[in-house]
Amino acid sequence: MSSFKTLDDLGDITGKVALVRVDLNLPMKDGSATDVSRVEAVKPTILELAEKGAKVLLLAHYGRPKGQRFSTMSTSFVQGDVEKVLDKEIMFIPEVMGPVVEQSIGILGNGDIGLLDNVRFWPGEEANDAEFARGMAAHGDFYVNDAFSAAHRAHATTEGLARHLPAYAGRAMEAELKALDAALGNPEAPVAAVVGGAKVSTKLDVLTNLVGKVQHLIIGGGMANTFLAAKGVDVGKSLCEHELTDTANRIIDEAAHAGCTVHLPYDVVVAKEFAANPASLRTCNVHEVADDEMILDVGPLATEALADVLKTCRTLVWNGPMGAFETEPFDTATVALARTAAALTQDGSLISVAGGGDTVAALAHAGVKDDFTFVSTAGGAFLEWMEGKPLPGVAALTA
Ligand code: ADP
Ligand code: MG
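Its first residue numbered 6, the sequence shown is counted upward by one per residue in this note's numbering.
So this is what it looks like as structure tokens:
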């Protein structure tokens, strides 16, 4: 990983104005946040800058106003939640540049925090307009990006500002970049990747990138059905993208060429209807799936074999559940494998990094979210990173 500056590289910042990009796009209900983990993630950065005497100006987007001012999408709605988490009063500033911002900076004391309005109210944000970025940059002495979740976007506050001000990774960004580097950038081998979820089509670029980087590619979830079908297995009425079997075979070939072992389930949990604990539930070999059955989870023998694979590995990167984990008992393989990975991590033999909306939910369901080395909540940015794509927000910090 090319190196980036962190808050450790800041000199004396007393009285300096910090423009800090954060993710405050909180899920809201009845005027308050239902989950403040995004604020908790950026709290260390904000407080560290404040304690060092900077005037901290927070930049964030909220919702999708598409370049127009919508009173319902003002960041002022999250001000109360941010204050609660920081345990500090903050000043709401209803602009992102100009005289109102300049006056507000004059009112803020050293160590005070201001929250600017929704950066996406201005079309220059998503267009990454240089004039717009320059207008904001004029108010600041330096720029801190602590929003990895927005790093796959080349927007003015995620990328453009780094062209106009000295740029630093915030503490959350720093932790995320270090964890991702340890997982796929410069990992300790052998590396295993678990890729599951519903469809091959949403993870094609992930699979293609991983075959060249990992020693073990463990495929589960609905997408394993497409790979099984590609190998001539009759998967009954399982979720399966039959039109992608050629693609699946190409990935298998590329893996063989790269020395990557592809692990597909050899036993599976099937049912005739998709419901909790259905009467038709049974476990069978992949070659015994009936025409009216669907595969909903990886079977117990394969799960045990996969646990043994993880035991031989030093690094694990995981995206996508192994089965339809929201419905019992199709959470069994996901929960078992997650607990194995967590135990190996706690023993110090495995570095484990996971991400993806449903994956985070599955790990929480298994009760092991805090036992992995790192769990990314960045969603789209995490997936693009798994696809091996350069993230503009990260590139701007490392330039
Ligand atoms: P993530 O959000 O972590 O990237 P995905 O969105 O790709 O994960 O996949 C999650 C979904 O895949 C879950 O809703 C799960 O129910 C579904 N899924 C997993 N295995 C199967 C299966 N065998 N059949 C149908 N759906 C499955
Ligand atoms: Mg999902």
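Yeah, the Cβ is synthetic: ideal placement off N, Cα and C, and Gly gets one too. Nothing here was measured: the structure is a model prediction, and the numbers come from that model.
For residue i, three-class secondary structure by DSSP
i       : result
Trp-323 : strand
Met-33  : strand
Lys-60  : strand
Thr-19  : coil
Ser-76  : helix
Gly-217 : coil
Val-294 : coil
Ser-285 : coil
His-268 : strand
Asn-150 : strand
Residue i versus the options, residue with shortest Cα-Cα distance
i       : options                            : result
His-292 : Cys-318, Pro-305, Gly-241, Glu-331 : Gly-241
Val-273 : Thr-288, Gly-264, His-262          : Thr-288
Arg-74  : Leu-121, Ile-51, Arg-125           : Arg-125
Gly-225 : Ala-284, Ser-76, Phe-330           : Phe-330
Ala-348 : Val-41, Lys-316, Ala-367           : Lys-316
Lys-277 : Asp-258, Ala-263, Glu-298, Ala-142 : Glu-298
Glu-181 : Ala-46, Val-303, His-144, His-247  : Ala-46
Tyr-173 : Asp-40, Asp-14, Val-340            : Asp-14
Lys-208 : Leu-189, Leu-233, Ile-256, Thr-345 : Ile-256
Val-25  : Ala-161, Val-205, Met-78           : Ala-161
Ala-263 : Phe-335, Leu-306, Thr-213, Ile-300 : Thr-213
Glu-228 : Thr-332, Leu-301, Ala-284, Asn-290 : Sequence inspection shows Met at residue 228; the Glu mentioned does not correspond to that position. Cα-wise, what sits closest to Met-228 is Leu-301.
For residue j and residue i, the rounded distance between their alpha carbons
i       : j       : result
Val-149 : Thr-382 : 20 Å
Pro-395 : Asp-186 : 13 Å
Leu-244 : Val-87  : 42 Å
Gln-84  : Gly-36  : 11 Å
Gly-217 : Gly-202 : 21 Å
Val-101 : Pro-270 : 53 Å
Asp-28  : Arg-176 : 13 Å
Glu-389 : His-157 : 7 Å
Leu-222 : Pro-397 : 27 Å
Ser-42  : Gly-145 : 27 Å
Met-327 : Asp-151 : 31 Å
Pro-104 : Ala-184 : 41 Å
Beta carbon of residue i nearer than 7 Å to that of residue j
i       : j       : result
Pro-171 : Phe-147 : yes
Val-196 : Val-211 : no
Asn-133 : Ala-159 : yes
Phe-377 : Thr-337 : no
Ala-260 : Ala-235 : no
Ala-59  : Thr-80  : no
Asn-324 : Thr-266 : no
Leu-120 : Leu-63  : yes
Ala-194 : Leu-215 : no
Leu-311 : Leu-286 : no
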